[in-house]
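Note that the protein sequences, when read in sequence, are chains R and L. Taking the working numbering, the leading residue of the first sequence gets 1, the next gets one more, and so forth. Taking the working numbering, the leading residue of the second sequence gets 1001, the next gets one more, and so forth. Here the structure is laid out as structure tokens; the discussion comes afterwards.
2 protein chains.
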Amino acid sequence: MGPSPQLIFDTVNAYQRSAAIKAAIELDIFTGIAEGAETSAELAQKCNASERGVRILCDYLTVAGFLNKQDGRYKLTEDSAVFLNRRSPAYMGSVVDFLQSPMLMEAFKDMTTTVRTGTTIMPDEGTVSAENPIWIKFARSMAPMMMMPAQVMAQIVEIDPNKKVKVLDIAAGHGMYGIALAQRHPNVEVVALDWPGVLEVAKENAQKMGVADRFSTRPGSAFDVEYGNDYDIVLLTNFLHHFDPPTCETLLKKVYGALASDGRAVTVEFVPNEDRVTPSMSAGFSLIMLASTPSGDAYTFSEFQRMFEHAGFKRSELHQLAPAPAQLIISYK
Amino acid sequence: MGPSPQLIFDTVNAYQRSAAIKAAIELDIFTGIAEGAETSAELAQKCNASERGVRILCDYLTVAGFLNKQDGRYKLTEDSAVFLNRRSPAYMGSVVDFLQSPMLMEAFKDMTTTVRTGTTIMPDEGTVSAENPIWIKFARSMAPMMMMPAQVMAQIVEIDPNKKVKVLDIAAGHGMYGIALAQRHPNVEVVALDWPGVLEVAKENAQKMGVADRFSTRPGSAFDVEYGNDYDIVLLTNFLHHFDPPTCETLLKKVYGALASDGRAVTVEFVPNEDRVTPSMSAGFSLIMLASTPSGDAYTFSEFQRMFEHAGFKRSELHQLAPAPAQLIISYK
């Protein structure tokens, strides 16, 4: 084979892939194909776009693995049919709203400076600044992507069916993790904590999922607001990665204090292996934290173990959330 | 396996890969590793960057396939060693200067509108506007990437060693194609045509490559300037894709008129197969033309055949430039 510049070329041009999938989602190309518009002419009419534009975009989407093409007709792949057809219950087109939000893309504008300084180029504290509106967008757009890990989490976390179980969901966002626990266990009551604007989204979701009567909220910053006490479970889902270890430990001490004596902290995170380069999605996540926060990271299990231990926890266990590409840590008081 | 959101997530976030490789090239990470700075601490010092930033970037580059990591030490892959170490003769780090130039990235800012309208969102005529300075950047930065296809082209095109061979290189850019022919055949004389600013780069290259005495220039637009006549070969390298077929045919008639009676037009292009979705690099190239030109495209061989035929050419042949991911068309007067 010999050396090839293919990967370099692909990677230098990768921003074009991001632009193409965004356009395809915004134009609702996948839904159009699902509904039978399979040629570029039919799709152009259905999606109100030029045939030339649709033809070139759909050929590109085929090259990129999102469509199959046969005799000039485009067909959805299995992934596209499940996740990109707007009529599918697992539709996740909205993830582009968050993952390609102007604020987040701006954070990647000058990675050279970011790597030189070792911190975000964003003003204030990047995405973790107080009441940053990006988290309302996150709550609205990322819920479909969190549905699967939330359900797998709810299967793994054991709940005593014979008593009321109090759950505190810190930085709840869309609220899907607490909601998934409440849906599975009728004796679970959830207190969701987040900025007020974000909690509106979580409340809507609790309503939709039929658990609103066991879902209450506590507005404010996880670092400042009173948690209450005697929780059986405190959920920390995709939150700790925003901060450095000392800040995490400060928060975990507060969590420890809010737990009942047999309570557990349940952490969902992208946890890379100790080599920090596998599995790919958890390991690659670290770059997003470098770009968008002052000192966040994707921590390894041993790093989490140490933080929980310093905060007083007895022991921590690592679980996989497969097929979702994330990990779960259960830490015992 | 079942459906997975992995490809969607990867593609929505692909712009981050582009940002990461750019930073790595600008910080000269690959050269640093080649010179023995293999830990994040050593590299941080060598590249004048923060250790935290370098560690996260290098882990990400490992996930992306540009590095290998063992026991905390980073090593170059074969591709990185050949193409991304600044001391390598095949170094092509400069390609980011063109492929991620602000003008080109701007053209991908709103692909939804581009697909709706079927043409570039850039003002004027996009990248093909008169004297657009992007082509000086192209000439300076893309030469290393064109070295290999230029040399393969020069092997394929047969040259009569017993007479003076006049070559016209239209929109010569860096000039590498004409230069490669002149290097291989001492009886080849090249006339390079392009905007004056671009020709300065081509002249520098001809000088460096030792063929300056058989290299002359003709400044101006390929559509307006006088070509002269009796050329044995007219080179059309990565030029026709910027225009629609009628515009190409107008140009090809002019090329036909400038050729000797047994002359050949030699076209280097990304030529997708008739299905337009293979091979991936040639097929994917079409999107760049959609985004950055009024009506350019990656044409199939049958489309090129038709254009050359309409311009008067007798017949055209398709050749592969493998291992370079491009194609060659020889058209006979």
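Don't be surprised by glycine CBs; every beta carbon is placed ideally from N, CA and C. As the structure is a prediction and not an experimental result, all values here were calculated from the model.
R/A315, buried or exposed, once every other Cβ within 10 Å from all chains shown has been counted against 16 = For the purposes of this step, residue 315 of chain R is taken as residue 315 along the first sequence, with counting starting at 1. It should be pointed out that residue 315 of chain R corresponds to Arg in this sequence rather than to Ala. Answer is exposed; the Cβ neighbour count stays below 16.
Please name the residue or residues paired with R/P219 in a DSSP beta bridge.
-> Along the first sequence, one-based indexing puts residue 219 of chain R at 219. Answer is R/D194.
Leaving out five residues on either side along the sequence, give the residues of the same chain with a beta carbon under 8 Å from the beta carbon of L/F1313.
-> Translated into the one-based positions of the second sequence, residue 1313 of chain L becomes position 313. L1252, Y1256, A1265, S1331, Y1332 and K1333.
Which parts of the region 88 to 153 of chain R are runs of the alpha helix (DSSP H), unbroken and 4 residues or longer, counting only runs that do not cross its ends?
-> 95 to 99, 102 to 107 and 111 to 117
Determine the direct distance from the alpha carbon of L/P1005 to that of R/N273, and round the result to whole angstroms.
-> On the first sequence, residue 273 of chain R is found 273 positions in, with the first residue counted as 1. On the second sequence, residue 1005 of chain L is found 5 positions in, with the first residue counted as 1. Cα-Cα distance, rounded: 21 Å.
L/P1294 to R/A24, Cα distance in whole Å?
-> For the purposes of this step, residue 1294 of chain L is taken as residue 294 along the second sequence, with counting starting at 1. For the purposes of this step, residue 24 of chain R is taken as residue 24 along the first sequence, with counting starting at 1. Rounded to the nearest angstrom, the two C-alpha atoms are 20 Å apart.
Which of the residues in the region 268 to 280 of chain R, read from start to end, lie with their CB under 7 Å from any CB of chain A?
-> Included in the structure are the protein chains R and L, with no chain A among them.
So does the region 1117 to 1131 of chain L actually touch the region 27 to 40 of chain R, counting three or more Cβ pairs closer than 8 Å?
-> no
Going along chain R in order, which residues have a C-beta closer than 8 Å to the C-beta of L/R1116?
-> Within the second sequence, numbered from 1, the residue matching residue 1116 of chain L stands at position 116. Chain R residues near L/R1116: L27, N48, A49, S50 and G53.
Same chain, Cβ closer than 6 Å to L/D1194, neighbours up to 5 away in sequence not counted | Within the second sequence, the letter at position 194 stands for residue 1194 of chain L. Here the set comprises A1171 and A1172.
Does the separation of the CB atoms of R/M289 and R/E249 fall below 8 Å?
-> Mapped onto the first sequence, residue 289 of chain R falls at position 289. Mapped onto the first sequence, residue 249 of chain R falls at position 249. No, these two residues do not count as a Cβ contact at 8 Å.
List the residues that DSSP assigns as beta-bridge partners of L/K1069.
-> Position 69 of the second sequence, counting from 1, holds the residue named residue 1069 of chain L. Partner(s): L/Y1074.
Is the shortest distance between the beta-carbon of L/E1131 and the beta-carbons of chain R less than 8 Å?
-> For this step, residue 1131 of chain L is matched to residue 131 along the second sequence. Not closer than 8 Å to any Cβ of chain R, the Cβ of L/E1131 fails to qualify, so no.
When R/T113, R/V12 and R/N48 are compared against L/F1066, the one with the closest alpha-carbon | If you number the second sequence from 1, residue 1066 of chain L lands on position 66. Here the closest residue by C-alpha is R/V12.
Exposed unless 16 or more other CB atoms sit within 10 angstroms - verdict on L/P1144 | Here residue 1144 of chain L refers to the residue found at position 144 when the second sequence is read from its first residue. It is buried - the Cβ of L/P1144 has at least 16 other Cβ atoms within 10 Å.
Secondary structure at R/Y60, three-state DSSP: helix, strand or coil?
-> As a first step, residue 60 of chain R is located in the first sequence; it is residue number 60 there, counting from the start. Three-state result, R/Y60: helix.
Counting contacts by CB-CB distance shorter than 8 Å, is L/P1325 in contact with chain R?
-> Residue numbering aside, residue 1325 of chain L sits at position 325 when the second sequence is read from its first letter. Interface residue, yes.
6 Å CB neighbourhood of L/A1180 in its chain, flanking five on each side removed | Taking the first residue of the second sequence as 1, we reach residue 1180 of chain L at position 180. Excluding positions up to five away in sequence, the list reads A1150, Q1151 and A1154.
For R/D230, I'd like the list of residues in its chain whose CB is within less than 6 Å of its CB, leaving aside the five on either flank, ordered along the chain.
-> The residue given as residue 230 of chain R occupies position 230 in the first sequence. Correct list, in chain order: A260.
Residues from the region 1062 to 1087 of chain L in contact with chain R, defined by Cβ distance under 8 Å = T1062, V1063, A1064, G1065, F1066, K1069, E1078, D1079, A1081, V1082, F1083 and L1084
Less than 8 Å separating the beta-carbons of R/D59 and L/S1286?
-> Taking the first residue of the first sequence as 1, we reach residue 59 of chain R at position 59. Taking the first residue of the second sequence as 1, we reach residue 1286 of chain L at position 286. In this structure, L/S1286 lies closer than 8 Å to R/D59 by Cβ.
Per DSSP, what kind of secondary structure is L/E1189 in: helix, strand or coil?
-> Looking up residue 1189 of chain L in the second sequence gives position 189. L/E1189 falls in the strand class under three-state DSSP.
Can you grab the Cα-Cα spacing for the pair L/T1117 / L/D1110, in whole Å?
-> Locating residue 1117 of chain L in the second sequence gives position 117, counting from the first residue. Locating residue 1110 of chain L in the second sequence gives position 110, counting from the first residue. Using only the alpha carbons, I get a separation of about 11 Å.
L/A1139: which of L/K1203, L/A1107 and L/A1322 sits nearest, CA to CA?
-> In the second sequence, residue 1139 of chain L corresponds to position 139, counting from 1. Closest by alpha carbon: L/K1203.
What is the DSSP secondary structure of R/K254, counted as helix, strand or coil?
-> As a first step, residue 254 of chain R must be located in the first sequence, where it is residue number 254. Correct three-state label for R/K254: helix.
Which one of R/D160, R/K46, R/Y299 and R/S18 has the shortest CA to CA distance from R/I29?
-> Taking the first residue of the first sequence as 1, we reach residue 29 of chain R at position 29. When only C-alpha atoms are compared, the closest one is R/K46.
In chain R, which residues lie with their C-beta within 7 Å of the C-beta of L/G1284?
-> The sequence position of residue 1284 of chain L within the second sequence is 284, counting from 1. Per Cβ cutoff of 7 Å: Y60 and V63.
Is the shortest distance between the beta-carbon of L/I1033 and the beta-carbons of chain R less than 8 Å?
-> Your numbering for residue 1033 of chain L matches position 33 in the second sequence. For L/I1033, the answer is no, since every Cβ of chain R falls outside 8 Å of its Cβ.
Can you tell me the Cα-Cα spacing of L/G1210 and L/A1322, whole angstroms?
-> Residue mapping note: residue 1210 of chain L aligns to position 210 of the second sequence, counting from 1. Residue mapping note: residue 1322 of chain L aligns to position 322 of the second sequence, counting from 1. L/G1210 and L/A1322: Cα-Cα distance of roughly 26 Å.
If you draw a straight line from the C-alpha of R/Y177 to the C-alpha of R/E189, how long is it?
-> Locating residue 177 of chain R in the first sequence gives position 177, counting from the first residue. Locating residue 189 of chain R in the first sequence gives position 189, counting from the first residue. Going by the C-alpha atoms only, they are around 12 Å apart.
Beta strand (DSSP E) segment containing L/D1232, residue limits = Residue 1232 of chain L sits at position 232 when you count from the first residue of the second sequence. Y1231 to T1237 is the span of the beta strand (DSSP E), which, as asked, contains L/D1232.
Who does R/E269 pair with in a DSSP beta bridge?
-> Residue numbering aside, residue 269 of chain R sits at position 269 when the first sequence is read from its first letter. Note: R/E269 sits in a beta bridge opposite R/Q327.
So L/S1280 packs on R/A14, CB below 8 Å; how close in whole Å?
-> Start at 1 with the first residue of the second sequence, and residue 1280 of chain L comes out as number 280. Start at 1 with the first residue of the first sequence, and residue 14 of chain R comes out as number 14. Going by Cβ atoms, the distance from L/S1280 to R/A14 rounds to 14 Å, so no, they are not a contact pair.
Residue closest to R/P196, alpha-carbon to alpha-carbon, out of R/D213, R/H174 and R/L61 | Looking up residue 196 of chain R in the first sequence gives position 196. Out of R/D213, R/H174 and R/L61, R/H174 has the C-alpha closest to the C-alpha of R/P196.
R/D124 classed as buried or exposed, judged by whether at least 16 other C-beta atoms fall within 10 angstroms | Reading the first sequence from its first residue, position 124 is the one you call residue 124 of chain R. So R/D124 counts as exposed.
Starting from the C-beta of L/V1165, find all residues in its chain whose C-beta is less than 6 Å away, skip the five residues before and the five after it, and write them out in chain order.
-> Position 165 of the second sequence, counting from 1, holds the residue named residue 1165 of chain L. Once the five neighbours on either side are set aside, the close Cβ partners of L/V1165 are I1159, N1187, V1188 and D1232.
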